[in-house]
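Enquirer:
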């Protein structure tokens, strides 16, 4: 079964609204989680690293005020797309590495469509 | 230094064939090399992974070959099936980076029945 749960799987919203995406590690604690964006037929682009109890680390070119990340607990990170616009439409994916393991588990992804 | 180059971009094989996907890296600090399989509309799923001190790893029909001196690694899928049709990503990661992944560009595999 899935070890990283991502919700919702799909969201359609109007331009100007904010959308929150949740990422949960189900059977392990994750001090770090990662958020990616993926365009059709392209690879995953790392947006930011979510750190439990501290500020997220954003990749170059990613707007911090646009993509708010909150890692409030050891099992939950949220990504809020604020004032969404059509160009924010994309597939957003989170991942989390279990403690002391080399691997990362990915969520099922969230398809965001901004009208 | 952080880039992982993956080829080919797309690959079509007949059922039973052995598709091979190749990746190359530059950063010698990478110490773990996973492969992910992604179906449309889904998140990537870990398929198989290898460390650089091993030249080959096999799990079921999937085999990774690793050439440390050449800084290259490849995925072989034995007896490929139409259900293997997906996008495959190689990746690399290193200790001390919170296991942040550097992904290849992906290979879209189609296995014809």
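Residue numbers (my numbering), protein chains in the order written: chain W, 21 to 135; chain B, 73 to 185.
Where a beta carbon is used, it is the ideal one built from N, C-alpha and C, also for glycine.
1) Could you please give the first and the last residue of the uninterrupted beta strand (DSSP E) stretch that includes residue 123(W)?
2) Just to make sure I have the definition right: I need the residues of chain W whose C-beta is within less than 7 Å of the C-beta of residue 165(B). Which are they?
3) Going by Cα to Cα distance, which pick from 135(B), 141(B), 110(B) and 162(B) is closest to residue 151(B)?
4) Can you name the residues that DSSP bridges to residue 131(B)?
5) Excluding sequence positions up to five away, which residues of its chain have a Cβ less than 8 Å from the Cβ of residue 130(W)?
6) For residue 112(B), name the three-state secondary structure that DSSP assigns.
7) DSSP three-state call for residue 106(B): helix, strand or coil?
8) Tell me, please, whether the CB atom of residue 147(B) is closer than 9 Å to any CB atom in chain W?
9) With a threshold of 8 Å, are at least 3 pairs of Cβ atoms found where one atom belongs to the segment 84-92 of chain W and the other to the segment 81-98 of chain B?
10) Mind listing the chain D neighbours of residue 104(B)? Cutoff is C-beta to C-beta under 9 Å, in chain order.
11) Nearest by alpha-carbon distance to residue 146(B): which of 85(B), 106(B), 84(B) and 88(B) is it?
12) Return the Cβ separation of residue 138(B) and residue 124(B) in integer angstroms, given the expectation that the two are a contact with Cβ distance under 8 Å.
13) Kindly identify the DSSP beta-bridge partner or partners of residue 90(W).
14) Our contact map puts residue 68(W) next to residue 82(W) with C-beta atoms below 8 Å; I'd like the distance itself, whole angstroms only.
15) State the start and end residues of the unbroken beta strand (DSSP E) segment that holds residue 121(B).
16) Got a sec, what are the start and stop residues for the beta strand (DSSP E) residue 82(B) sits in?
17) Which residue marks the beginning of the beta strand (DSSP E) containing residue 163(B), and which one marks its end?
Expert: Quick answer:
1) Taking the first chain and counting its residues from 1, the one referred to as residue 123(W) is at position 103. Residue 123(W): not part of any beta strand (DSSP E); DSSP gives it neither H nor E.
2) As a position in the second chain, residue 165(B) is number 93, starting the count at 1. Per Cβ cutoff of 7 Å: 122.
3) What you label residue 151(B) is simply residue 79 of the second chain in a count that begins at 1. Of 135(B), 141(B), 110(B) and 162(B), the residue nearest in Cα terms is 135(B).
4) Taking the second chain and counting its residues from 1, one reaches residue 131(B) at position 59. Looking at the DSSP assignment, residue 131(B) forms a beta bridge with 134(B).
5) Here residue 130(W) refers to the residue found at position 110 of the first chain. Excluding residues within five positions, the ones whose Cβ falls inside 8 Å are 26, 27, 28, 29, 30, 31, 41, 111, 112 and 113.
6) Your numbering for residue 112(B) matches position 40 in the second chain. Three-state DSSP puts residue 112(B) in coil, outside helix and strand.
7) Along the second chain, one-based indexing puts residue 106(B) at 34. Strand at residue 106(B).
8) Within the second chain, numbered from 1, the residue matching residue 147(B) stands at position 75. The beta carbon of residue 147(B) does not come within 9 Å of any beta carbon belonging to chain W, so the residue lies off that interface.
9) No contact exists between the segment 84-92 of chain W and the segment 81-98 of chain B.
10) The displayed structure is made up of protein chains W and B, and chain D is not among them.
11) Along the second chain, read from residue 1 onward, the residue named residue 146(B) stands at position 74. Looking at the Cα atoms, 106(B) is the closest of the given residues.
12) In the second chain, the residue the question calls residue 138(B) occupies position 66. In the second chain, the residue the question calls residue 124(B) occupies position 52. Right, their Cβ atoms sit about 6 Å apart.
13) Taking the first residue of the first chain as 1, we reach residue 90(W) at position 70. DSSP, once it has assigned bridges, lists 98(W) as partnering residue 90(W).
14) The residue labelled residue 68(W) in the question sits at position 48 within the first chain. The residue labelled residue 82(W) in the question sits at position 62 within the first chain. Rounded, the Cβ-Cβ distance is 6 Å, consistent with contact.
15) By one-based count along the second chain, residue 121(B) stands at place 49. It spans 117-122 - the beta strand (DSSP E) in which residue 121(B) sits, taken as one unbroken run.
16) As a first step, residue 82(B) must be located in the second chain, where it is residue number 10. Residue 82(B): member of the beta strand (DSSP E) spanning 82-86, first to last residue.
17) As a working mapping, residue 163(B) is identified with position 91 in the second chain. Note, residue 163(B): beta strand (DSSP E), 158-164.
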